[in-house]
Each structure stands twice: as structure tokens, then as C-alpha cells.
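Trainee: In UniProt numbering, the protein residues as written are 1 to 255.
I am attaching a structure below and will ask some questions about it afterwards.
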């Protein structure tokens with residue numbers, strides 16, 4: 001099925017702000033399948049071949065959307081949390097080498113902070129900051145307690161559609177003082193993609209992953225983040241290099 005991707009098309013147009021060439025996405029998908037068949041076939045279990053109507057693909061395969069599924073499946077939740085903690089530790093270590101935006105803070109709220117890996121690293125470097133790990137009850141009950149003008153949202157917005165992202169940003173804005181800001185850490189897609197460098201491969205693969213396991217989630221272009229910021233009542237975002245060529249820091253200041 002993968003080999004039959006439509007080569008006669010010049011590109012896939014996701015929306016008015018994003019275009020990806022068919023050849024680029026086909027190369028990435030086919031190469032991934034060739035290199036990691038176990039992972040691919042693990043994701044496409046036999047349960048996914050039954051007819052499913054009016055449901056998301058992950059929900060059809062597992063009976064619930066990804067985060068609801070993890071609530072009831074301790075092993076999956078544990079593996080997910082361990083993976084996110086490991087990945088976060090690597091990325092945040094590099095971000096702290098490149099970014100000094102935490103220096104002036106007295107308080108920091110990590111929205112969707114999982115087990116607190118981000119805060120652990122940030123507060124270890126900046127001992128004067130008081131931190132709050134803000135997440136769901138079944139997550140934070142397993143996190144270690146640590147000491148709390150900034151909301152940080154890392155790898156959260158890509159889980160949600162535009163409407164939910166605007167809602168999240170508006171709620172964070174209500175908690176900010178006039179001089180506060182939000183730090184968003186996400187990948188940023190190019191508006192037009194024709195190359196298959198490492199950063200592009202990673203961002204496109206993650207974009208496809210979010211399309212598969214979430215209901216409306218996706219990676220976004222710079223223009224899409226600007227649109228979210230405007231709708232949520234923020235100034236145009238300030239984008240700063242974060243880590244490993246594709247993780248970017250997006251600073252949002254209230255209008």
C-alpha cells in the first residue's frame with residue numbers, strides 16, 4: 001500500500017499554510033518502513049484491519065484515544081512516561097546550553113510537565129526559581145514533588161487541533177501578569193517541503209505520528225503558530241533556536 005503513493009501528484013496541500021511534496025513524504029515513509037519494519041507492523045496490528053466508521057484510527061485500533069487509553073493501561077502509560085522523560089532530558093539539556101530565557105524568572109509553571117523532568121533540570125541550574133508541575137492527577141501523583149512569571153508548554157500543542165490550542169493559550173494567558181510570557185517548545189515545519197534532511201525527516205515523521213495517534217493534532221509551520229498567537233491574544237511569536245536543528249523555542253507575550 002505504501003508503494004502506491006500517488007507519484008503523479010506534485011504535492012500534498014494540508015491547508016493554506018503548508019505544502020509537502022509527494023516525493024519527499026514518500027521517500028521518508030518508504031525508508032522508515034524499510035529500516036524499521038517491526039515498529040511499523042507493531043503499529044498496524046490486525047485489530048486495525050477491521051472496518052471502523054466515524055472513529056479516529058487510534059481509537060478504532062485500541063478502543064480509546066491515546067491519552068484516555070493510557071489512563072486504563074498502566075504498562076502503556078509507564079512506557080510512554082519513561083520515553084518522554086528520557087527524550088525530554090536530552091532535549092532540555094541542550095536547550096539550557098543555548099537559551100538563557102529562564103535566568104530572570106522567579107516562578108515557572110510547566111504545563112503538561114508529566115513526571116517533572118523539565119523542571120528538575122531547569123531548577124537544578126536556576127536555584128532561585130520556584131516551579132509548578134501542572135498535569136493530570138493520574139500523572140502528577142507519580143511525580144516527585146519539587147518547589148513555583150512564566151508558563152512553559154513543551155510538546156503539548158502538537159497534541160491538539162487549532163481550536164483547542166487557542167483555548168489552552170488563552171487559559172495560560174489568564175494566569176500571566178502583564179510582564180509574563182509563555183514559552184512553547186515544538187518543532188516548526190517548513191511551509192513548503194521538498195528536501196529530506198534529518199530535521200525535515202524528523203518533523204514530517206512526527207507530523208504523521210500526531211495525525212495517527214491524536215484527534216486533530218499536528219506539527220505546525222511558523223505561520224500557523226503566528227495564527228494561533230493572534231487568535232489567543234498574543235503578539236507575533238519570537239522564535240529562537242532550541243536544540244538539534246528542529247526543536248524551537250517560541251516566546252509569546254500578551255498584547
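No residue lacks a Cβ here, since even glycine has one placed at the ideal position from N, Cα and C.
(1) Excluding sequence positions up to five away, which residues of its chain have a Cβ less than 6 Å from the Cβ of residue 69?
(2) Pick helix, strand or coil for residue 312, following the three-state DSSP scheme.
(3) Evaluate contact between the stretch 148 to 166 and the stretch 186 to 203, counting only Cβ atoms and requiring at least three cross-stretch pairs below 8 Å.
(4) If you pair each beta-carbon of the stretch 236 to 246 with each one of the stretch 169 to 179, do three or more pairs fall below 8 Å?
(5) Output needed for residue 80: all residues of its chain with C-beta closer than 7 Å, excluding positions within five of it in sequence on either side, in chain order.
(6) Comparing C-alpha positions only, which one of 191, 227 and 126 sits nearest to residue 100?
(7) In three-state DSSP terms, what is residue 175?
(8) Around the Cβ of residue 130, are there at least 16 other Cβ atoms within 10 angstroms (buried) or fewer (exposed)?
(9) So, does the stretch 203 to 211 touch the stretch 221 to 232, judging by three or more C-beta pairs under 8 Å?
(10) Which residues does DSSP list as the beta-bridge partners of residue 262?
Mentor: On the basis of the coordinates in this document:
(1) 62.
(2) Past the boundaries of the shown model lies residue 312; the chain is included only from 1 to 255, so the question cannot be answered.
(3) Because the criterion of three Cβ pairs below 8 Å is met, the stretch 148 to 166 and the stretch 186 to 203 touch.
(4) Output reads no: the stretch 169 to 179 does not touch the stretch 236 to 246.
(5) 70
(6) It is 126.
(7) coil
(8) exposed
(9) Between the stretch 203 to 211 and the stretch 221 to 232 there are fewer than three C-beta pairs closer than 8 Å, too few to call the two in contact.
(10) Residue 262 falls outside the range modelled here, since the chain spans only 1 to 255, and no answer is possible.
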